[in-house]
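Student:
Protein chains: 2
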Amino acid sequence: MHSYTAPLRDMRFVLKELSGLEQVARLPGYEDATPDMVDAILEEAARFAGGVLAPLNASGDRTGAHWDKQGVTMPPGFREAYQQFVANGWTGLAANPEYGGQGLPLLLSAAVQEMWKSANMAFSLCPMLTIGAAETIELVASDELKARYLPLLVSGEWTGTMNLTEPQAGSDLAAIRARAEPQTDGTYRLFGQKIFITYGEHDLAANTVHLVLARLPNAPAGVKGISLFLVPKRLVNDDGSLGAQNDVLCTSIENKLGIHASPTCVMLYGESGRGAEGYLLGAPHQGLATMFIMMNAARFAVGLEGLALSELAYQKAVAYAKSRVQGRAIEGSTDSVPIIRHPDVRRMLMLMRTQTEAMRALAYTVAAAQDAASHEVDPAERDRSAAFVDLLTPVIKGWCTETANELANLCLQVHGGAGYVEETGVAQLLRDARITTIYEGTTGIQANDLVGRKVARDGGAALLGLMHVMQQTCVTLEEHGSEDLAHIAKPLGRAIDALAQAAEYIVNHYGTDVRGVMVGSVPFLRLFGLVAGGWMMARAAHAAQLRIDADQPFEGDVTFCPAKLVSARFYADHVLSTAMGLARTVVNGGASALELDEGFF
Amino acid sequence: MHSYTAPLRDMRFVLKELSGLEQVARLPGYEDATPDMVDAILEEAARFAGGVLAPLNASGDRTGAHWDKQGVTMPPGFREAYQQFVANGWTGLAANPEYGGQGLPLLLSAAVQEMWKSANMAFSLCPMLTIGAAETIELVASDELKARYLPLLVSGEWTGTMNLTEPQAGSDLAAIRARAEPQTDGTYRLFGQKIFITYGEHDLAANTVHLVLARLPNAPAGVKGISLFLVPKRLVNDDGSLGAQNDVLCTSIENKLGIHASPTCVMLYGESGRGAEGYLLGAPHQGLATMFIMMNAARFAVGLEGLALSELAYQKAVAYAKSRVQGRAIEGSTDSVPIIRHPDVRRMLMLMRTQTEAMRALAYTVAAAQDAASHEVDPAERDRSAAFVDLLTPVIKGWCTETANELANLCLQVHGGAGYVEETGVAQLLRDARITTIYEGTTGIQANDLVGRKVARDGGAALLGLMHVMQQTCVTLEEHGSEDLAHIAKPLGRAIDALAQAAEYIVNHYGTDVRGVMVGSVPFLRLFGLVAGGWMMARAAHAAQLRIDADQPFEGDVTFCPAKLVSARFYADHVLSTAMGLARTVVNGGASALELDEGFF
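Quick note, the sequences are listed as chains A and B, same order.
According to our numbering, the first sequence holds residues 1 to 601 in order.
According to our numbering, the second sequence holds residues 602 to 1202 in order.
Written as structure tokens, this is what we have:
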């Protein structure tokens, strides 16, 4: 069965030619991210992903995590892999050096995380949540809590979770009922049930630090009455040693379609009646605001999962298409041919290859903007970068994950009947991918955020600014004069126009027909994603063309840059071609979607 | 958990208003299909599907079929349900009365099969294959074999299979290696391995009749050297009683993504060295031609699976969207609302509802044409109907199954996290649906057939004829004068133009650039499907408008016909809007897909 090989050259091309690794490394605090250091880390991560994590992916799916009254047992090999992961210091790659992190750019971390997620998505969720918990604690916790918890989270010796969802409170966190009772010593006792808690219980680490949303007594109703608490699985003594088991219990794990090796837990707080000891993080009733900051990081990380699974889908499909011999060539051949020779299989592989390239370029570019937003000296530059990140985060989450599902589907299609049988691991890829458009906010929630908060609220200003930059890229391509670049610029220009039409409709009608506009929110998100992806493909083509013109092959590979031009042309012909249809749906599709009375359904 | 309720009113609307049930019932031989008879059969089938088959769907998935050396054990309840199915005579609904069938139209049978497939797709595969085997035997077997095997297949007391695939021969049957050795008594002994044999072994019936593709000694290489054999699991004595076990063995079943209750078998013929006793069906070396006739019926039936799973997806999504309360209304509400109130959920439900309507109308219309092709008196009319069936069969198979996968995906999306957990049964729907674009020829194979044999071969003549009929529908709608109908006719007209452009490109370039044309084969198939579906939606809207004009509500339901107008408008805004993009891909997308050297992948 095919295993995973990190696409290092493609990653480096994006890092260096498209997302501005050099500029990021010039930001104060990121001086360590020298080209040599970056290359060494990428190589090391590639070895760990391919050599340690990928071999556990299929077996982890087959065995799954197992719950009994003693706790959750992870699949064979996961504990050892996690210990190695911790020993290598991967958890703290981008974390604050003050707490033991390496303080490297998020841009580099994005590439490294892509590898974990491609190699073994179920495994990768554990450090992803730990990183998120550490960042939250760093943001809002008291110095004492930081000193006690952060070093062990940053090292990965302890793991973290996010406890948001309750049975009646999924997308709608306003409905949260878990409660926290203040104690005289300044601590709190928590009571309530949380569901869908990723890695809520497992046997990989000595302690787990739960971040839990709950209500204080007499808290205002709705989202303005939710506070955030740190609740350790085992209490921590003043000397930092582990104390008693807290009143936190994992009562079951879900039987899910995919990510079988990632335990999805039902957690009970305060079941013994005593209450789970917890500590308030940040101000009372401000928990959701804090959680939202972290959720944006998590949404970006889930977008990376979409990219990572797309890369894996591409690799699996290519390996099969080259080795499976079946049928004669349509133009005539005496012998049977590998199925990669069949034009429709080619089309599927190119759809996977090019959309993965587009996602990677866009995701890394957003990661670089995250670095700029936190490390630029000029506040105006920081704000500009932050606005770009805000605008693109729901797009990265929604578009990359929806596309990943399509590509996982194509990967299975390339495999035919062999893909439907679990042994090839392709079905697992499809099953694993399916969660990504749901957790950390469904695609509908992302589209809601994009249309309401990111486009309509500022009258489309941020988006208009971005479209102007995109149009500049078109002009640059057209001015270059090469036929390939012109072939790419024209459909991109038309697609940007389609996006502009849709955006204009949204901005003009959000106030008067919010329901009709929201019917088009997901088509708009997809339109935005594929146009932004097309912009990245155009930038890649331009960078490639300049290298071809200057006779400077990327990393000495003379075939690499010409292939980027082909990718961009294919993307224009097969992906950008759908832009106008999506725009039409945004503009025309509101009324007919809403007209039927609910009783009709 | 939601169970299945047959959408009888929608089915009757299509049968009576769109697919010409009345005309079919006037064909010689179909006189029994009176309105009363049809309604009674539909009601009875709905009861059986909802009451007997649907309750076994989830448990069948959970338990699955089990193999051991004694054979295959079906999940609890399947045996009893199958016995009831046989006792009710469902297998023979459309079969020849000469062998115990009821000889009813395929149009009626299509509606009834839709119900079995929605209620329990894994179960439905058993009678589907039995019907296919019986039809094949009727077509080419000797009178003696017919007399011996047909009555028990038509009654369902025995079941049938199709044995085509071998490990090296999937889509490419030319590579078949199974061999048949002639015996002095006129029988044959078969040797070889077959894989992916649906219901190759099970405990539902006393005997199984395998139709097996194999090569005679000195047969020509490739597809022209394949013969078809009837190989019973147990030999049949001259008096019709069951004799010895034949040399046929199921050595394992596949661990699949879905349809767990349908055993997918590895079959060994002649493992004991004796060879499996079999009987030649039809002429030597003509097996593939016979199989292809049957495969077209099977492809249509798999297209019906796409329709059926789409209906189920819609029903499940609606049930959840009405009951799940989450979030406030976007236009403002004090309380939380059922999620059907959210515009994006509405959009998803309407995508499911309308595309299911379009698929049903097109599939039933093709079924009616099958009846006309076999029962019309006028040979020219028979030929015209047969040509329509030929043209549309790959579209029904490819478009309905691809769409079903999209809709199953939307159904899961409506459910959010609850859909990702296996308990809700939504994940099963997605897993079950995933096989439909693969077996009986992948979508790529269907598109190959459509573009090569059905469009390019006759220079687009059959398609042009059909597009002319579609355009007439547009004219009819525009001439009516109502705003709704005009709103539907315009985008349909544009979509037909897009189809015409794509078809013209195919016809003009198939001879000179077959590989480039074939890159666009699947986009073309999808374009064809969605335009044909739009034509059906327009016909439905027109029929509904005429009833509204005449104040004749369908079955007395005054809300039914207005809803059809909304459906058609939504379909135009959200589905037909993608037509031009697909056409562009067909026309422009060949070169960039094929340009990269295979070594690049």
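Ideal Cβ positions, reconstructed from N, Cα and C, are used throughout, including at glycine.
1) Taking the alpha helix (DSSP H) that H574 (chain A) belongs to, which residues open and close that run?
2) Would a check of beta-carbon distances place G581 (chain A) closer than 7 angstroms to chain B?
3) Could you have a look at Q1102 (chain B) and say whether DSSP puts it in helix, strand or coil?
4) If you compare alpha carbons, which of B:H943, B:N847, B:E1007 and B:S975 is closest to T957 (chain B)?
5) Under a three-way DSSP split, which group does K747 (chain B) fall into?
6) Is the Cβ of Y320 (chain A) closer than 7 angstroms to any Cβ of chain B?
7) Closer than 7 angstroms by beta-carbon distance: list the chain B residues that pair up with H574 (chain A), in chain order.
8) On the three-state DSSP scale, how would you describe M729 (chain B)?
9) Contact criterion: CB-CB distance below 7 angstroms. Does F1201 (chain B) meet it with respect to chain A?
10) For a cutoff of 7 angstroms on Cβ pairs, would you count M350 (chain A) as touching chain B?
11) With respect to the alpha helix (DSSP H) encompassing I860 (chain B), which residues constitute its N-terminal and C-terminal limits?
12) For V514 (chain A), which residues in chain B fall below 7 angstroms Cβ to Cβ?
13) Can you give me, in chain order, the residues of the stretch 394-416 of chain A that have a beta carbon less than 8 angstroms from any beta carbon in chain B?
14) Just to confirm my understanding: we take V86 (chain A), look at its own chain, exclude 5 residues before and 5 after, and list those with CB closer than 7 angstroms. What are they?
15) Taking the straight line between their C-alpha atoms, what separation do you get for Q326 (chain A) and G20 (chain A)?
16) Hey, is the stretch 932-946 of chain B in contact with the stretch 572-589 of chain A, meaning 3+ C-beta pairs nearer than 8 angstroms?
17) Would you please verify whether the beta carbon of Q927 (chain B) is less than 7 angstroms from any beta carbon of chain A?
18) According to a CB-to-CB cut-off of less than 8 angstroms, which residues of the stretch 429-449 of chain A neighbour chain B?
19) To which residues of the same chain is G200 (chain A) closer than 6 angstroms at the C-beta, ignoring the five residues directly before and after it?
20) Measure the CB-CB distance between M1119 (chain B) and P343 (chain A) and report whether it falls below 7 angstroms.
21) Flag this pair as yes or no: are the beta carbons of G77 (chain A) and L56 (chain A) separated by less than 7 angstroms?
22) If you run the structure through DSSP and keep just helix, strand and coil, what is S272 (chain A)?
23) In chain A, which residues lie less than 8 angstroms from A1194 (chain B) when you measure between Cβ atoms?
24) Under three-state DSSP, which class holds H375 (chain A)?
25) Can you tell me where the beta strand (DSSP E) holding E181 (chain A) begins and where it ends?
26) Taking V302 (chain A) as the query, report the chain B residues whose CB atoms sit under 8 angstroms from its CB, ordered along the chain.
27) Tell me which residues of the stretch 233-265 of chain A have at least one Cβ-Cβ distance to chain B shorter than 7 angstroms, keeping chain order.
28) Taking 7 angstroms as the threshold (C-beta atoms), are L230 (chain A) and L312 (chain A) in contact?
29) Report yes if the CB atom of R1140 (chain B) is closer than 7 angstroms to the CB atom of L1195 (chain B), and no otherwise.
30) So G92 (chain A) packs on Q102 (chain A), CB below 8 angstroms; how close in whole Å?
31) How do the stretch 360-375 of chain A and the stretch 270-278 of chain A stand: do at least 3 beta-carbon pairs fall below 8 angstroms, yes or no?
32) Return the chain-ordered ranges of every alpha helix (DSSP H) run that is complete within the stretch 432-509 of chain A and spans a minimum of 4 residues.
33) Is G844 (chain B) near Y789 (chain B), with beta carbons less than 7 angstroms apart?
34) Relative to the C-alpha of A899 (chain B), which residue among B:E618, B:Q1047 and B:D637 is closest?
35) Is the beta carbon of L812 (chain B) closer than 7 angstroms to that of T731 (chain B)?
36) Can you tell me the Cα-Cα spacing of E402 (chain A) and W1000 (chain B), whole angstroms?
Tutor: Let me lay it out:
1) Membership of H574 (chain A) in the alpha helix (DSSP H) is indicated by the continuous run F560 to H574.
2) yes
3) helix
4) B:E1007
5) helix
6) no
7) T1186 and G1190
8) helix
9) yes
10) yes
11) Careful: I860 (chain B) lies outside any alpha helix (DSSP H) and carries neither H nor E.
12) I931 and E932
13) N405, N409, L412, Q413 and G416
14) S155, G156 and E157
15) 44 angstroms
16) Short answer: they don't touch.
17) yes
18) So the close ones are L430, R431, R434, I435, T437, I438, Y439, T442, T443, G444, A447 and N448.
19) The answer, listed in chain order, is T161, C250, C265 and M267.
20) Yes, the Cβ-Cβ distance between M1119 (chain B) and P343 (chain A) is below 7 angstroms.
21) yes
22) coil
23) P343, R346, R347, M350, F570, D573 and H574
24) helix
25) E181 (chain A) -> beta strand (DSSP E) spans R179 to P182.
26) Under the 8 angstroms cutoff, chain B gives no residues; its nearest Cβ is about 13 angstroms from V302 (chain A).
27) E254, N255, K256 and L257
28) no
29) no
30) 6 angstroms
31) no
32) 443-448, 461-480 and 483-509
33) Cβ distance not < 7 angstroms, so G844 (chain B) and Y789 (chain B) don't count as in contact.
34) For A899 (chain B), the nearest C-alpha among the options comes from B:Q1047.
35) no
36) 20 angstroms
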